[in-house]
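Below is one structure; the comments refer to it alone.
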Amino acid sequence: MSLNKDEGSIFSIYRDLLLEQAPQVIDPNVFKEFEIKLVRAKYRLFNQYPFFGLTLQKLKTVIVSPEDEKKLGIDTMAVDNNRNIYINVNFVMNVLSDAEVMGVLAHEVMHIATLTFPRQRGRDMKVWNIATDYIMNRDLLEQGFALPSLGCLPKQVNNQWIVEIPDFSKVTTKAVAQGKVSAPKMLKIDVTDMTAEQLYDELVKAQAKIDFDKLMEMLGEMDKHLAEGEAQEVEGMTAPNGDPVYTKNSGEGKSESQKHNENKALVQD
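In this note's numbering, the protein residues as written are 292 to 560.
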């Protein structure tokens, strides 16, 4: 008995369904270069910053697919509360230096280590993400990490760390078009000794002067923080070598309390 492989036959329809459902696999040549750069960064992180290196070993690094990038906007890196770090290959290969790969990986580790997700506690997610990023990046820069020039980066002025945010409250589109405003006034917040919670409160107090969407459009995103629903949508890409390190943790069936306790234990081990 032979199978009919003509277009429109039962066989061709079945074949097309299989192709649609098959996991996407990254090009082996691209993956080889990507993995060398990623493994090198993980190795150096382990040797130079053991806490970050050891914690990273307990997390999954997931390669995002073109669909993930398009649907969820993961064009850099991302993190969720299930111990997954999502990585856009193009970002690692064409944007980041080796030292910056280390820095962004350490940034993602800090989201897990400092329990960013459970600490949100009803706060506005957009503002909370901005606050945590500024504080974590301050701590990373203090430790000598290299970070790319995008995202929420405080500036060091003498012995202080300052967050500068444009005050868009009195800047109109018409004024900018007429050339009456060259640049908005900058709100300056001293975050030298602040926690993320304290910075969040300061940002909320000043929210009448801050356009958070415009701010992030101007700064660009170093990473995304995926809520539970978004994390479930990520398909990821299968590594050519089948390495399970690149297969995401699902977190299925676990309560937020369980995830919180597991992540807390991960840091304490």
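We put the CB at the ideal spot given by N, CA and C, even for glycine.
When we look at the beta-carbon of residue i and count the other beta-carbons within 10 Å, is it buried (16 or more) or exposed?
i: Y491; result: buried
i: L441; result: exposed
i: S388; result: exposed
i: F342; result: exposed
i: N320; result: exposed
i: A556; result: exposed
i: A518; result: exposed
i: S548; result: exposed
i: A499; result: exposed
i: G413; result: exposed
i: G344; result: buried
i: K550; result: buried
i: N554; result: buried
i: P445; result: buried
i: D504; result: exposed
i: N532; result: exposed
i: D534; result: exposed
Tell me which residue opens and which closes the beta strand (DSSP E) that residue i is part of.
i: D514; result: D514 to H516
i: M477; result: M477 to D481
i: I403; result: Looking at the DSSP string, I403 is not in any beta strand (DSSP E); the run it does join, the alpha helix (DSSP H), is D389 to A404.
i: I281; result: Missing from the structure shown is residue 281; the chain here goes from 292 to 560 and no further.
i: S423; result: A small fix is needed here, since residue 423 is Thr in this sequence, not Ser. Counting along the chain, T423 falls outside any beta strand (DSSP E), though it belongs to the alpha helix (DSSP H) covering M416 to E433.
i: A522; result: From DSSP, A522 is part of no beta strand (DSSP E) but of the alpha helix (DSSP H) over E519 to E524.
i: K351; result: K351 to I354
Check the DSSP bridge columns for residue i and list the partner residues they point to.
i: W452; result: Q447
i: V316; result: T529
i: M368; result: I378 and D514
i: K457; result: As written in the sequence, residue 457 is Pro, which differs from the Lys given in the question. Answer by DSSP bridge pairing, in chain order: M477.
Can you check which of these residues, the options, is closest to residue i by C-alpha distance?
i: A404; options: E543, S546, A530 and M427; result: M427
i: N540; options: G533, S548 and Q523; result: Q523
i: H516; options: A390, T407 and F503; result: T407
i: D481; options: I453, Q489, F503 and K417; result: I453
i: G401; options: V383, N379 and Y425; result: According to the sequence displayed, residue 401 carries Met and not Gly. Out of V383, N379 and Y425, Y425 has the C-alpha closest to the C-alpha of M401.
i: L350; options: A390, Q434, R410 and Y537; result: Y537
i: K323; options: V380, N372 and P475; result: V380
i: L506; options: D371, M477, L432 and Q411; result: M477
i: G527; options: L336, N375, R335 and K333; result: N375
i: L510; options: I365, P439 and T486; result: P439
i: D318; options: L345, T346, G344 and S356; result: S356
i: G542; options: E521, L432, A422 and P531; result: E521
i: Q339; options: P457, D458, E553 and G435; result: G435
i: T486; options: C443, D430 and F337; result: D430
i: V448; options: T346, T352 and T483; result: T483
i: Y377; options: R410, V353 and V392; result: V353
i: E391; options: K333, T529, T423 and Q489; result: K333
Starting from residue i, follow the alpha helix (DSSP H) in both directions and report where the run begins and ends.
i: I501; result: Element bounds for I501: n/a, residue is neither H nor E.
i: T346; result: P341 to Q348
i: R412; result: Per DSSP, R412 belongs to no alpha helix (DSSP H) and is neither H nor E.
i: D534; result: From DSSP, D534 is part of no alpha helix (DSSP H); its letter is neither H nor E.
i: L363; result: P357 to L363
Should the region 327 to 340 be regarded as contacting the region 387 to 401, the criterion being three or more beta carbon pairs within less than 8 Å? yes
At least 3 beta-carbon pairs within less than 8 Å: the region 415 to 433 vs the region 353 to 361: No, the region 415 to 433 does not touch the region 353 to 361.
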